[in-house]
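Residue numbers (my numbering): 259 to 499.
C-beta: ideal position from N, C-alpha, C; glycine also.
All of these numbers come straight from a predicted model, not from anything done at the bench.
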Ligand code: URA
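1) Can you determine whether any heavy atom of ligand 1 sits closer than 7 angstroms to the C-beta of residue 362, and answer yes or no?
2) Give a yes or no on whether the C-beta atoms belonging to residue 463 and residue 395 are separated by under 8 angstroms.
3) Kindly indicate which three-state DSSP category residue 454 falls into: helix, strand or coil?
4) Return the CA-CA distance between residue 366 and residue 310, expressed in angstroms with no decimal places.
5) Of all the alpha helix (DSSP H) runs that stay within the bounds of the region 364-435, which reach a length of 4 or more residues?
6) Just to confirm my understanding: we take residue 362, look at its own chain, exclude 5 residues before and 5 after, and list those with CB closer than 8 angstroms. What are they?
7) Should residue 283 and residue 303 be called a contact, given that it needs their Cβ atoms to be closer than 8 angstroms?
8) If I measure Cβ to Cβ from residue 385 and keep anything under 7 angstroms in the same chain, skipping five residues before and after, which residues do I get?
9) Within 10 Å of its beta-carbon, does residue 292 have 16 or more other beta-carbons around it, so buried, or fewer, so exposed?
10) Are the region 443-457 and the region 477-489 in contact at 8 angstroms, needing three or more beta carbon pairs?
11) Can you confirm whether the region 421-432 touches the region 389-409 when touching is taken to mean that 3 or more C-beta pairs between the two stretches lie within less than 8 angstroms?
12) Report the partner residues of residue 328 according to the DSSP bridge assignment.
13) Can you grab the Cα-Cα spacing for the pair residue 415 / residue 433, in whole Å?
14) Does the beta-carbon of residue 533 have 16 or more other beta-carbons within 10 angstroms, so that it is buried, or is it exposed?
15) Apply the 10 Å Cβ neighbour rule to residue 354 and answer buried if 16 or more other Cβ atoms are within range, or exposed otherwise.
16) Relative to the C-alpha of residue 376, which candidate in 331, 391, 323 has its C-alpha closest?
17) Leaving out five residues before and five after residue 342 in sequence, what residues of the same chain have Cβ atoms less than 6 angstroms from its Cβ?
18) Relative to the C-alpha of residue 300, which candidate in 381, 261, 450 has its C-alpha closest?
19) Based on the DSSP secondary-structure assignment, which residues constitute the bridge partners of residue 471?
20) Taking 6 angstroms as the limit between beta carbons, can you name the residues of its chain near residue 357, skipping five residues before and five after?
21) Drop a sphere of 10 angstroms on the beta-carbon of residue 420, count the other beta-carbons inside from all chains shown, and report buried for 16 or more, exposed for fewer.
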């Protein structure tokens, strides 16, 4: 393969977007064959040793797994027939076949896993593994203890009874209540519909955790590679490690 711009290589290897890769290069974190790399430098993935923070970058893009902090207003789909912005617009340098793991509504923000590992994606969304997903929700009105108890023990949706959930009230004001909820399935608009069953409309929803993965300090619209430790933990959760 001929030499390519470093930011393109890094993006393909999972540094998500070229712009982010440029930041990593500009920060002096990248070396090519032991030499500090300058922005715009070229390299050949097959012959050069490229390191970020002293660790060789993954040459095999077949199993790139990233976490994206999805802003509201972006649709989780490969192509939107209505021409709306999709999560792929946030990942211009994404490796081919990077697929999303479950969906977030257009009006939901937060943690979205994306991976080129089809088996991992499949298992993470399979109901058998009951991967916990945590959301922070703002809902209209005051949520009574009884409503919280109902959410915890499970409510009836058209798909059936929801599994026991962890629900905590985080705060409230005159018009709204903030809650944290952890669910173990991934039905379409599940959290919004669960709150509807107890009479509350969700006005803001953010996913903050999936299994062992959190957003850390990832800004909205930014993405990061999962670490090796996170990947091992994630794979263990779904019987792959
Ligand atoms: N539950 C919802 O209601 N929306 C999401 O995007 C995710 C979970």
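This is what the structure holds:
1) In the chain shown, residue 362 corresponds to position 104, counting from 1. Correct: residue 362 has its Cβ closer than 7 angstroms to ligand 1.
2) In the chain shown, residue 463 corresponds to position 205, counting from 1. In the chain shown, residue 395 corresponds to position 137, counting from 1. In contact: residue 463 and residue 395 (Cβ atoms closer than 8 angstroms).
3) Taking the first residue of the chain shown as 1, we reach residue 454 at position 196. Helix, per DSSP.
4) Translated into the one-based positions of the chain shown, residue 366 becomes position 108. Translated into the one-based positions of the chain shown, residue 310 becomes position 52. Whole-angstrom Cα-Cα distance: 32 angstroms.
5) 376-383, 403-411
6) Translated into the one-based positions of the chain shown, residue 362 becomes position 104. The residues are 328, 334, 368, 370, 465.
7) Taking the first residue of the chain shown as position 1, residue 283 is located at position 25. Taking the first residue of the chain shown as position 1, residue 303 is located at position 45. Going by C-beta atoms, residue 283 is not nearer than 8 angstroms to residue 303.
8) By one-based count along the chain shown, residue 385 stands at place 127. Answer for residue 385: 443, listed in chain order.
9) As a first step, residue 292 must be located in the chain shown, where it is residue number 34. The residue is exposed, with fewer than 16 neighbouring Cβ atoms inside 10 Å.
10) no
11) yes
12) As a working mapping, residue 328 is identified with position 70 in the chain shown. According to DSSP, residue 328 bridges with 368.
13) Taking the chain shown and counting its residues from 1, the one referred to as residue 415 is at position 157. Taking the chain shown and counting its residues from 1, the one referred to as residue 433 is at position 175. One C-alpha to the other measures close to 26 angstroms.
14) An answer regarding residue 533 cannot be provided, because it is not within the stretch 259 to 499 covered by the chain.
15) Here residue 354 refers to the residue found at position 96 when the chain shown is read from its first residue. Residue 354 comes out exposed.
16) As a first step, residue 376 is located in the chain shown; it is residue number 118 there, counting from the start. For the residues 331, 391, 323, the minimum Cα distance to residue 376 belongs to 323.
17) If you number the chain shown from 1, residue 342 lands on position 84. 333, listed in sequence order.
18) For the purposes of this step, residue 300 is taken as the residue at position 42 of the chain shown. Nearest of 381, 261, 450 to residue 300, Cα basis: 261.
19) Translated into the one-based positions of the chain shown, residue 471 becomes position 213. DSSP output for residue 471 lists 468 as bridge partner(s).
20) In the chain shown, residue 357 corresponds to position 99, counting from 1. The answer, listed in chain order, is 379.
21) On the chain shown, residue 420 is found 162 positions in, with the first residue counted as 1. Flag for residue 420 reads buried.
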